[in-house]
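Novice: Residue 72 in the UniProt record's numbering sits at position 72 of the sequence shown, and the numbers go up by one each step. Have a look at this one before I ask anything.
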Amino acid sequence: MYYSSFHKTPDRKRFSKKEWEEFTPDSTKKALQDLVSTPDFSEWAIAHADRITLTPPADSNIATNQQKRRWFHWF
Numbered sequence: 001m002y003y004s005s006f007h008k009t010p011d012r013k014r015f016s017k018k019e020w021e022e023f024t025p026d027s028t029k030k031a032l033q034d035l036v037s038t039p040d041f042s043e044w045a046i047a048h049a050d051r052i053t054l055t056p057p058a059d060s061n062i063a064t065n066q067q068k069r070r071w072f073h074w075f
């Protein structure tokens, strides 16, 4: 069983593994939505735009193409 230790749930609800795997991404998504909607985060993002990078998922075509280029670089 997994206990909720970081999320706002009454009485630290006990989660089954399946419930935890469903709850965690949903909870994380909601927390991120709350964060990025704050004025403080907007100010931080503007001030640190040069530090922010986005990487494609490992299974994306972009990542595959970059790996191919690295492979052919050696020839």
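By construction, the Cβ of each residue, glycine as well, lies at the ideal position given by its N, Cα and C atoms.
Could you check whether residue 32 and residue 41 sit closer than 7 angstroms to each other, using their CB atoms as the reference points?
Specialist: Within the sequence shown, residue 41 is the residue found at index 41, counting from 1. Within the sequence shown, residue 32 is the residue found at index 32, counting from 1. For residue 41 and residue 32, no; Cβs fall outside 7 angstroms.
Novice: Could you give the first and the last residue of the continuous alpha helix (DSSP H) run that contains residue 27?
Specialist: Within the sequence shown, residue 27 is the residue found at index 27, counting from 1. Looking at the DSSP string, the run of the alpha helix (DSSP H) that includes residue 27 is 17–36.
Novice: I believe residue 52 touches residue 45 by the beta-carbon criterion, under 8 angstroms. Please report the beta-carbon distance rounded to the nearest angstrom.
Specialist: Residue 52 sits at position 52 when you count from the first residue of the sequence shown. Residue 45 sits at position 45 when you count from the first residue of the sequence shown. Right, their Cβ atoms sit about 7 angstroms apart.
Novice: By Cβ distance below 6 angstroms, which residues in the same chain neighbour residue 75 in space, the five residues on each side in sequence not counted?
Specialist: As a first step, residue 75 is located in the sequence shown; it is residue number 75 there, counting from the start. With a pLDDT of 48 at residue 75, under the threshold of 50, the predicted position of this residue should be treated as unreliable, though the coordinate-derived value follows. Nothing meets the Cβ criterion.
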